[in-house]
Every structure is written in structure tokens, then in C-alpha cells.
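Engineer: So that we are looking at the same thing, I have put the structure below in C-alpha cells.
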Amino acid sequence: MGYLLFVTLIQAFSFSLIGEYLAGHVDSYFAVLVRVLLAGLVFIPLTRWRSVEPAFMRGMLLIGALQFGVTYVCLYLSFRVLTVPEVLLFTVLTPLHVTLIEDALNRRFNPWALVSALVAVAGAAVIRYDRISPDFFMGFLLLQLANFTFAAGQVLYKHLVARHPSDLPHYRRFGYFYLGALAVALPAFLLFGKQNFWPQAPLQWGVLVFLGLVSTALGLYWWNKGACLVNGGTLAVMNNLHVPVGLLLNLLIWNQHEELGRLLLGGSVILMAVWISRLGIQKPVAVR
């Protein structure tokens, strides 16, 4: 639990740093690539290359590609058309994706999850009812893809660690995660990156270094390790705790003029969507 709480604070602060200092100023693909490279420099030297099952390596490569590579490319792109509070609110749907993925792995179907998805879209419309545009919905969809891949990474990591137990510490087998992330980030940068949007100010480089070494390296490692130590319900709650913390930081420090009424109303509708998605989850029956 302590791992998840600490990473929640890091995530909440990181969203505002991205929105205020990088979005619109630094190429999104370059920012993601730098974060992966810095995190890799931390974990690759610690990684054990022998005595690790090939199936575990392949699983970690996939998890890294999903949970960081795809997730953060989509996240950075969404900042082009969404404000920081909107990005934070739309990430509240991650537990919905966790539920859908867990149901799929366990061959269950929860119709309430589909209902909650429609309610979530309605909540997004409330926040921007006077400025709804194709770009806005594209940002919303990008974030849902990011939510899905981030959720998939968490769920798959728990299953992978349980399926391949080892006496090695987690950090000895975590470097493969960043190689998987690099397999997405590097081609994305080479294909779509723009060199004229590289960081120009020392502050931008400083933010990238913080995001790479703290948010990406330590943050993702501690988050996945913590996810293995709690149950699914606790993990779902922790996936959303960064939203109120992040909103509070952003509104107090950088975004004091945000329209709070619509944010609160739309955010309440989105939270209702998360609650609806939990209705179909079967609770274990106590045996006496």
C-alpha cells in the first residue's frame, strides 16, 4: 500500500508538469523516448539476463510496450487538445478497464461495464458541452486507449509474476519492461517526431529528467510491485486517488481560473460510471 500511495503523489504532480511545461512546447514522441531511455539507464544495469524464463521476458516486453509505450504516447498526444484537469478526470476510468480485462481473462461478461462506458462519455460531454469538437473527442478516445493499456499492464504483471515465481527481487527482472517500452517509443519518435520541438529551456530538460528518473523509473516499478501486494478492489481505488490529488495541485498552483462547476458535475458523472462498472462484479460467497 505504501508503494501505491507514494507513486500516487508522483503521478498527481507529474500530470501538471507535463501539461504546464511540456505539452505544446516539447515534441510528445521525444518526451516519451527520453523518459524510457532515462528509466532504462536505471534498471538495465540491475537486470538479470540469465536464470530468467524466456516466457517471463516476453511477457515483460509486452507489458512495457503497453503500460508505458502505448500509454504515454497517447497521454502526451491528448494534452494537445485537453486541459490538465480534463486529462486527470478522464483517467478516472482506468478501473473500468481493469474490470473489463479481468473479466476477459476470467471469461466473464459484465454488461454494467458497457453501461458505465456510455455514462462516462456523457460525463465528458458535460465538462465541454459548449466547446465539443472532433479534437476534444479524439483526446477523450486517446485517453481511453491509454487507460486500457495502463490497466492491461497492471493486470498482466500481477498474473505474470504469479505464474512465474522467482527468488530474484522484482528489480532484477524489471529491466525488460523498459526494453518493451523502447520498442514502441523509438519507432514512434523516428516516424512522427519533430526535431524543431525539442526542449529549449533548462526547465524543460529538468522536467524531463524528473519524469524519467522518478515518475518512469521508480514510479512504474513501485506501482507494479505494489499492485502485486494488494487485492483488486484496493488497486482500483488507488488507480483513482491521483485524480483528486492532481486536481488540487493543479487548481491551486497553475489553473486557478478553471470552471469548477462543470468539472465537478462532469467528474461526478464519470465517478458514477466507475461505480456502475462495479455492479456486476461477483463477490465471493463466505463458506461457514
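Here full-length UniProt numbering is used: position 2 in the sequence shown is 2, and no number is missing along the way.
Every residue gets a Cβ at the ideal spot worked out from N, C-alpha and C, and that includes glycine.
Here the structure is a predicted model, which means the values were calculated and not measured.
Locate the alpha helix (DSSP H) running through phenylalanine 137, then write down its first and last residues.
Structural biologist: 134 to 163
Engineer: Within the same chain, show all residues whose beta-carbon is closer than 6 Å to that of glycine 153, passing over the 5 residues directly before and after it, in chain order.
Structural biologist: Ile63, Leu66 and Gln67
Engineer: So, for threonine 71: in the same chain, excluding its five sequence neighbours on each side, which residues have a beta-carbon less than 7 Å away from its beta-carbon?
Structural biologist: Apart from sequence neighbours up to five positions away, the residues of its chain that approach threonine 71 with a beta-carbon distance below 7 Å are Ala146, Thr149 and Phe150, ordered along the chain.
Engineer: May I ask you to verify whether the region 78 to 95 touches the region 3 to 23, counting CB pairs closer than 8 Å and requiring at least 3?
Structural biologist: yes
Engineer: First and last residue of the alpha helix (DSSP H) that includes glycine 206?
Structural biologist: Following the DSSP letters along the chain, one finds glycine 206 inside the alpha helix (DSSP H) bounded by residues 202 to 210.
Engineer: For a test of the three-state rule: what should DSSP assign to arginine 58, helix, strand or coil?
Structural biologist: If DSSP states are grouped into helix, strand and coil, arginine 58 belongs with the helices.
Engineer: Specify the secondary structure class of tryptophan 198 as computed by DSSP and reduced to three states.
Structural biologist: coil
Engineer: Starting from the C-beta of tryptophan 205, find all residues in its chain whose C-beta is less than 6 Å away, skip the five residues before and the five after it, and write them out in chain order.
Structural biologist: Pro199
Engineer: Roughly how many angstroms lie between the CA atoms of valine 7 and tryptophan 223, to the nearest whole one?
Structural biologist: 6 Å
Engineer: Looking at the unbroken alpha helix (DSSP H) that takes in phenylalanine 79, where does it start and where does it end?
Structural biologist: Boundaries for phenylalanine 79: no alpha helix (DSSP H) harbours it, and the DSSP string shows neither H nor E there.
Engineer: For valine 26, which residues of its own chain have a beta-carbon under 8 Å away from its beta-carbon, when the five flanking residues on both sides are left out?
Structural biologist: If we look at valine 26 and ignore the five residues flanking it on each side, its Cβ neighbours are Phe197, Trp198, Pro199, Gln204 and Leu208.
Engineer: Whole angstroms is fine: what's the gap from alanine 181's alpha carbon to valine 36's?
Structural biologist: 7 Å
Engineer: Whose C-alpha, out of Tyr3, Leu4 and Phe13, is nearest the C-alpha of leucine 249?
Structural biologist: For leucine 249, the closest of Tyr3, Leu4 and Phe13 by C-alpha to C-alpha distance is Phe13.
Engineer: Thinking C-alpha only, which one of Ala227, Ile276 and Leu160 is nearest proline 54?
Structural biologist: Of the listed residues, the one whose Cα sits closest to proline 54 is Leu160.
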